[in-house]
Each structure stands twice: as C-alpha cells, then as structure tokens.
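Protein chains in written order, with this note's numbering: chain C, 1140 to 1331; chain A, 53 to 442; chain S, 3 to 354. Glycine included, C-beta positions come from ideal geometry on N, C-alpha and C. Inspection log for the structure reproduced underneath, given as structure tokens.
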Amino acid sequence: MIEIRIHGRGGQGNVVAAYVLAGAAFEEGKRCQAFPNFGAERRGAPVVAFVRIAEKPILRRCQVEAPGFLIIQDESLLHIPSVLEGLKDKGGVLVNSLKSSEELTKEYGRPMIALAGSQMAQEIVGRPLANVALLSAFLTLSAILPLEALKKALSKRFKGDVLEKNLKLIDEVGAHVTAGQWKKEAKHVACA
Amino acid sequence: MLHALEGSQAIAQAVALCRPGVVAAYPITPQTHIVENISKLVADGKLKCEFVSVESEFSAASVVLGSSAAGSRSYTASSSQGILLMAEVLFDIAGMRLPVVMTCANRAISAPINIWNDHQDSMTVRDSGWIQLHCADNQEAIDTSIQAFRIAERTELPVMVCMDGFVLTHTLEVVDMPSAEQVDSYLPPFTFKNKLDPKHPLSLGTLVGPEYYTEARYSLHRALEKALPEIEAADADWAKICGRASGGLLTVEGPENATTAVLAMGSVVSTLTESNEMLPGNKRVKIIKLRSFRPFPIEALQMACAGLKELIVLERAFSPGLGGILGTEVRAALAGMQKPPQVRNFTVGLGGRDIPMSTLSKLINAAKTQAPGGFAILDVEPERLPPEDR
Amino acid sequence: MDSTQLKKEIQERRRQAQSAPSEESRPAEHNMAELRKLQPRYRGLEAGHRACQGCGEALAARLVTEAAGPDVILTNATGCLEVFTTPWPQSAWRLPWIHSLFENSAAVASGVEAALKAQGRKTKVIAQGGDGGTFDIGFQALSGMLERQHNILYVCYDNEAYMNTGIQRSGSTPHAAMTTTSPPGKERMGKRHLKKDLLSIIAAHHIPYAASASVAYPADIRRKVRRAVSIEGPTFLLIHSPCPLGWGIESDISIEVARLAVQTGLFPVVELERGELTGVMPIRHPKPVADYLKLQNRFKHLFTEDPRAREEREHLQALADHNIEIYQLKGDGMDALDTDGADTVRRGGMVD
C-alpha cells in the first residue's frame, strides 16, 4: 500500500486531486481510498487530503500519518512545519513552485522536486490550478500508475473542452519531470 | 459493477435505485453531498421523485412523515443538530409506524460546535423507536440502505442507516453498485395499507389516553424486537442476490480461541480489524461488529460472547454523568449470561479525533487496569484542561 | 349592549323563525326539502365529537370540510380540534386525516401533497391549525410550505390563545386581553403586545389567495373555501372562531360575539390575491368596540374605574378604526355582502 498526502489551499482542488488520483488507481484495477482532512476551511486556508493505493481492500480509515509521498500545491505551505511531518525517510516531495528543484532542495534541506504546475495549467487550460499537472508529474515520477489511468479517471469527472485541455496538460507535464525517478522510492515507502 | 465513488454519491445512487417517491432534506454537513447528489439525479431526470427542499430538518422529517402516510416510499438524510431538531418528529414517525428510511451521517453534537464525526447524534435518539443500523464501510452503507427500505416496509418501522460522517460520507473508495434489476428483484413497489385515501378515510395520529397508551407503546417495543429476524433475513436475502452480506445483526471476526473481544460500531471496526491482523497471532482478539443497535440483539450478543473472559466495548459517544451508552447497554444485555465476560468500556474519537492504527493496542492495554464497571475516554488528554476541570 | 340584551335579540330571532309559515304554505323557492338538497351531501366532520358547546372552531372545521368536498386529505396540528375529534378509538372525521405534532401541520401537508403529486393523484390537501400552531410554533413550517408553492389550503382556526392548554397568550391574542399568561394586575392590563398581523405576512409570500373569514358568516366561509381549493397552489384562510371558555362568554352567544368582532372592525374580513387586497366584507354599521369587549370576560378589566382601562379601550377602538381605514371597510349604504347582508340565513334560524 502506498499512502500519499496532498496539501493545498481551499479552492485549489485538493479533494478533487485526491479523488482523481484514487480514481486512476481504480482504473488500473487497484483498491483505493481518498478523503479530505475534513474541515470547515474556506478559500485560501490550508487543507489536506489523503490517498491510499493498494492491491487488496483497504480497511484502515485513519488519517495518513506516515505518507510515502507529499504533493504540495502551493510552495508557501512549506512554511507550515506540520506539512512535512511524518513523511517516510525516503519519501518524495513534489511541490508546485516556480523555483527549480535544486533551489527548493537547498532551501528546505531535503530533496524536493519542483513543477511549475500553476503556470503550465494557466497556459494550457487557462486556469492556474496545478492539481492535474501535479498528479501527472507524480505518476510520471513514481510510475505507480500509467498516465492513461489518470486520463481515464479525469474523463469520468470532466468533459468537453476542460477535459481536452487537461488531457493535453497531462501529456505536456510528462516532459518536465524525469520518468521513473521515484521508482525506487515508491518500492521503499510501500507498506503492508 | 465496481466504481470508485465518494460515500455520499454512492448512497445517493443506492437510494435512487430504491425508487423513492418523495425525498425531503435540509442541508447539514456532512450529510449535504448525499442530498445534493440526489437532487442532481432528479434534475437530470435519472430519478423520478418529488424532491422537497425544506426550510428545516424539522420539516424534512415532517414531510417524509406526511408523504409516507400518503403512500409514497420516502427518504431523508441528516446529521448532528439536524437529528436533534428532528427528534420530536422521529419519535412521531416511529410511533405512527411509518416506514421512512433516513441516512444519519454521524456527527458530534454542540456545544462546542463541531462538525466532525462521532455517534452522539444517533445515540441521542436511540429511544425514538427507529431501527438503527451501523455501517463499517461504504459498501455496507450501500447495501444497508437498500435493505433498509425492505426492513422498514415489512416491519412498518422507520430505519436509520448510520454511517460515519466524513470518514465514510466523504471517502472515495471502490464499491460495487448493484444494478436496477438486482434492486427491483429484491424490493417490491411500496404499498402501505394505512395510507391516506379519501376512498378509505382513516384517522392517523389520534389522541390515545391512559387506557391504551401503554399497549400502544408496548406494541412498538414488540415490533422492534420482532424486527430482529427481519434484519437478518433482509441481509441474507440481499446476499443471495449480490453475493455480499453486511453483517446481519452482528458479526464476530478473529481467532476462534481468543478470550478477549472488542465490540464496536461503524467505520472504526475497519481500522480495528486491520490493526488486529497486524498483531502477533497469540495477541489477536475477536472483533465484534455490532450492526443493529436498535433493536439491540441481546440473544445474538450473548451467543457471540460465550466463552469470552473480557469484552472491551469501544464507542463513539457517551452519556455525561454516567459514562458509555453502548457499554452500559452491553453490560445489561450480558447480565443474563451464566458466565458473562468482564466488560470494559471506552469512548474514542469524539468530534472527529482521528482513531489511529495504534488504538487497538492502546485499548487492550488500558482495559487491563480498568475497574469492573468502569468507563474511560481512551484518547482524552486531561492535562490540556485547567486543573479545576480535570 | 350587554349579553342579556344580545340574548334577547337572539331569542326574538328564534321566535320569528319558529313562527315562520309552515313548509307547505311557503312559496316553492322556500321549500325546506328543496333547500336541503342544496346543502352539502356529507359532513367531513361528523357530529358527536367532544368540543365545548358554542365552539367556533368545531363549526368552522365542519363548514370548511363541507365546502371543500370529499376528495380531500386533512392534516391537523396538535390542539383542541385534534383532541376533541379523535379520542381513540373514536374519530369524528369522515375524511382521511393525519395529526402529527403541534408545529408541523404545514410540513406534513407538504409531504402528503408531494406524495400525491408523485402518485399522480388529484386529491386536495387541507392543513389545519389553531392560532398557536399557526401564528407561533408552526409559523416556520407554514412559511416554508407557502414559499415552496405546495398545492395546499392552510386553514387557521383563530381563537386568539392557547385554549387547548388552558388559555395562554399567543401571538394572535388581541392587545389587552386577559389570558392565564397575560393576567391583568397592578402592573399590567392584560396582553401588552398587539395581535400579530399574520394575514399580511402570509400575503407577503405572494401566494395566489389569502383571506380572513369569521365563523359568524358561514356562507362567506364556504365561498372562500371553494375558491381556495379551486386554486392550484398555496392558499390560506384565517377563520375567526370564538372559544366560549377562553373568551369568557356564554356558549349560546358565541356566533354573535364573532359577528361583533367583524362589525366593529377589530377582525377585518378581507381577501388578498398575490399579496394585493382584492376584496373586503364592508361594515354596514360599524359598532363601537366596547360592544364587543363588554361581552367577554377576557376584557373585563377594561371596564373598571382604573384610568388605564379607558386608555386601553380607546387603544382597541383605535386599532379597529385603523382596520376600517386601511381596508376601507366602511361600506356606502346597503351591500348584499356586507356585515348585515352576507349572512341572511343565520345558524339555527331564518332571515333577520
């Protein structure tokens, strides 16, 4: 089982990102679970969502305490100490940021991968919502699911022009990160 | 067919498969997604029903009271303060023997205001005369919702399907959504012999004096007791159609020879079950998942507890000034056994406090030191209170 | 006028009615057998229920159900009407009837109506409540019912206090009236607040039809009920219905007291469509409010030497005058449907 925590701000489509990622796992015949850290947050407030992906039915319903991966939709969230809390030793951190991966790694003292998700989304979809771009980058890096699964999951939620543009975004993002870079990490952080 | 669905969406689809004639609801977190999804199904023409968007939970319950009495299959959903605002009507629906089905997206009660999950809401109306069935996951919530209509209509008792707010309602997971054919073969169209009809005018809800009130209440009590086999049969018959049971009145899992068991209701059972599997074999306990809280399956519980030395009741609510509600009831229910187990009682996860995987071990340890008849809140941190409040 | 004088008048009327020519000698148009055929063929509310003598609500409910016809489902708020009609195992209702709680008659009716719609049935729903269940505790449910445009006639039998529980003040209790929770005393002259102008609030929902009526004018009630039930959508009828016990009047003058409430202008009988005033029952000869008050124990403290008593009487007169003015109740000369003409056939008797 792989556990992922997604950090964002209200209005950034954090829960949708979690649902779509879990949906992608479902499309691959896996078991999945996705839920928000249920809150009463309004737009702009920090929010968290959790995703679990496994081969067999998932029983546990507690929050993800020790995620294998963090997906962070807004670099400013890194200033909140609890955001990196519990992350497994070799876990990966993906951040939506205009900085480079090297800059982030240096600034926060641990390996991080940066993706200019908002910018790419703005250019391709016309809205600066990084969630789909981040999911595409995450799956490209970790290779836990094919991008096709993400596209299928997305097509169950969106249609028409919005879907077309997001599908294009998924393909474009792939070129900006190194495919399979987190393959080893994905194996390492998997738990029973 | 398998789908990855949010719990609320799954419940909306399951309810729609039951072809309700009238749905009435008032928004309250975390129930809202259920009724939003139903209203969308209505707007899209996928569900033909009268969707009544009312001005309070009190009216939501009153509308389904009226629509059920007028002969339509009726559904509503609520949570927390909504359940409490409905309380007066809930007692009335049960007393009038109207087969309404409701989803309770379990949530804490004010004050302090808190929108997160525990069981205080449905517990507070446990004496209302409604059947209360608890669900451990979204698949159970789907199947139990469908079974609820059959149970309600066969027993002429209202059924409250309790599912943990957020923990189930807002969780997307893989569920098997039954087909319309499966549900239609299980659930016949609703007919109500006492329906309001000018051709056969009946007076419903009349004044009953001391000379008959006791008998009227007794008949409600008996009806709930008699609902026990109906609940089991509804689950068994549904399992024949879809190959899946939801746990009848209660289920027992874990090693045959374990002499300690943990009893709980709702989604916490899932977490406990996984934690239990991760314990060393000789440390594993039995997990009793209580599905039917009302009617309370005394006999089935006694059978499940035969041979146990210790039963740890883990619940999600309590009665201030007394202690556990479920724990107290379990103690009373087991008092008739020849060799009843020692019952320990803990509450956990109030107002949405996370129930981590470590809970089971912590619980088993804490039980060792609890005095007979004791009660404790497992995850309370009294040091966070001013000294005089501890 | 005091109740002795009023009773004399009533007796005189009855005497006249009894000494009226026998059926055979009457012209054909006055043939009672023929007239009876014109009466409703059934009763929605059967005799033999347990209302007090002179109960305005019981009569009003009978008139409403007779006029509405048999294809009707009734809901009922908790209150006298529910209690005196359905002491289990008896029921005085010949229509399907459901009582749930005090404050949800309108919501239960909404549910019944939704079910009828879902089933494609055309039966009309009538929700009933007293003034407590309508002006006060059931007001929210009623407002919701009107806003959602349910096809329901809501009838409020207004006896101006919580009579079922022993005459406590409600939002409908008139200013200065004595109830068990608005007793007069050294510091108080009965109810301190005004009667809630419910009809205006109802009309502000812009429903197709809202009207007031009085149990003293049965023909007017029938006409309004027929009108209301013929409309597809929410309609509202407020029927002023005396409670002999609660008002402190003798049972046999209940209707006459109700009539005086209309004739003085204290209870305006009006009709509003989509929020606009479209009809009133004109008052042929406005009577002084004191004529109405004097007959009732609940206003007894307004006829003492206390200087505040006169003040409150004047206050009530001013309220009546205000009604007469804003609704333009003062008719010009004779009108077949004014307070004198609208009710030529009086209960238990013949023409005045």
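task = Answer yes or no: do Met191 (chain S) and Glu316 (chain S) have a C-beta to C-beta separation smaller than 7 Å?
result = No.
message = Please identify the residue among A:Thr223, A:Ala163 and A:Arg206 whose C-alpha is closest to the C-alpha of Asn190 (chain A).
response = A:Thr223
key: Assumed close pair Glu1269 (chain C), Ser1257 (chain C) - CB separation to whole angstroms, cut-off 8 Å   = In the sequence as displayed, the identity of residue 1269 (chain C) is Ala instead of Glu. Correct: roughly 5 Å between the Cβ atoms.
inquiry  = With a threshold of 7 Å between beta carbons, is Val116 (chain A) in contact with chain S?
reply    = yes
ask   = Which of the three DSSP states, helix, strand or coil, is assigned to Ser60 (chain A)?
value = helix
Close-in-space but distant-in-sequence residues of the same chain around Gly235 (chain S) (CB under 7 Å, 5 per side omitted) = Gln151, Asn153, Ile209 and Pro210
key: Contact with chain A by Phe1297 (chain C), beta-carbon distance below 7 Å   = no
key: Assigned secondary structure, Ser131 (chain A) (DSSP; H/G/I helix, E/B strand, else coil)   = coil
inquiry  = Pull the bridge partners of Met154 (chain A) from the DSSP assignment, please.
reply    = According to DSSP, which records beta bridges pairwise, Met154 (chain A) is partnered with A:Thr128 and A:Met212.
ask   = At what residues does the alpha helix (DSSP H) containing Pro309 (chain S) begin and finish?
value = Where Pro309 (chain S) is concerned, the enclosing alpha helix (DSSP H) stretches over Pro309 to Ile328.
request  = Could you tell me which residues DSSP pairs with Gln394 (chain A) in its beta bridges?
outcome  = A:Glu362
query = Does the separation of the CB atoms of Ile198 (chain A) and Cys294 (chain A) fall below 7 Å?
reply = no
ask   = Taking a cut of 7 Å between CB atoms, which residues from the stretch 401-424 of chain A lie near chain C?
value = Gly404, Asp406, Ile407, Pro408 and Met409
query = Listed from N- to C-terminal order along the chain, which residues in the stretch 1237-1264 of chain C have their beta-carbon within a distance smaller than 7 Å of any beta-carbon of chain A?
reply = none
query = For the stretch 150-206 of chain S, which segments carrying the beta strand (DSSP E) assignment without a break, of at least 3 residues, lie completely within its bounds, in sequence order?
reply = You should have 154-160.
task = Would you decide whether Val353 (chain S) is buried or exposed? Buried here means 16 or more other CB atoms lie within 10 Å of its CB.
result = The pLDDT assigned to Val353 (chain S) is 41, lower than 50, so where the model puts this residue is not dependable, and the model offers no usable value.
ask   = Pro250 (chain A) touches chain S at which residues, Cβ-Cβ below 8 Å?
value = Pro72, Asp73, Val74, Ile75, Leu97, Pro98 and Thr125
key: Separation of Asp236 (chain A) from Thr1317 (chain C), as counted between CA atoms   = 52 Å
query = On the three-state DSSP scale, how would you describe Trp182 (chain A)?
reply = Here Trp182 (chain A) carries a coil assignment [DSSP, helix/strand/coil].
For Val14 (chain S), the three-state DSSP class (helix, strand or coil) = The identity of residue 14 (chain S) in the sequence shown is Glu, whereas the question assumes Val. For Glu14 (chain S), the three-state secondary structure derived from DSSP is helix.
query = DSSP three-state call for Thr1244 (chain C): helix, strand or coil?
reply = Reduced to three states, the DSSP call for Thr1244 (chain C) is helix.
Cα-Cα separation between Lys1195 (chain C) and Pro332 (chain A), rounded to whole angstroms = 21 Å
request  = My understanding is that Thr77 (chain S) touches Val110 (chain S), with C-beta atoms under 8 Å, so please give their C-beta distance in whole angstroms.
outcome  = 5 Å
ask   = Whose Cβ in chain A lies nearer than 7 Å to the Cβ of Glu1204 (chain C)?
value = Simply Pro408.
ask   = Using the beta-carbon of each residue, which ones in chain C are nearer than 7 Å to Thr325 (chain A)?
value = Leu1198
Assigned secondary structure, Arg383 (chain A) (DSSP; H/G/I helix, E/B strand, else coil) = Arg383 (chain A) falls in the helix class under three-state DSSP.
query = Between Asn2 (chain S) and chain A, is there a C-beta pair that is closer than 7 Å?
reply = For chain S, the structure presents residues 3 to 354; residue 2 (chain S) sits outside this window and is missing.
C-beta contact flag for Arg1144 (chain C) and Pro1206 (chain C) at 7 Å = yes
Supposed contact pair Gly81 (chain S) and Gly132 (chain S) - C-beta distance, whole angstroms, cut 8 Å = 4 Å
request  = Pick helix, strand or coil for Val1186 (chain C), following the three-state DSSP scheme.
outcome  = strand
query = Going by the CB atoms, is the gap between Ile377 (chain A) and Met175 (chain A) shorter than 7 Å?
reply = yes
ask   = Quick one: Cα of Thr88 (chain S) to Cα of Phe1165 (chain C), how far?
value = 59 Å
ask   = Since Ala129 (chain A) meets chain S, which of its residues come closer than 7 Å, beta carbon to beta carbon?
value = By Cβ distance, chain S contributes nothing, its closest Cβ being about 15 Å from Ala129 (chain A), past 7 Å.
inquiry  = Please tell me whether Pro89 (chain S) has its Cβ less than 7 Å away from any Cβ of chain A.
reply    = yes
query = Going along the chain, which residues of the stretch 1162-1186 of chain C sit with their C-beta nearer than 7 Å to a C-beta in chain A?
reply = Gly1162, Phe1165, Arg1170, Cys1171, Gln1172, Ala1173, Phe1174, Pro1175, Phe1177 and Ala1179
message = Distance check for Leu302 (chain A) and Glu192 (chain A), CA to CA, integer angstroms please.
response = 13 Å
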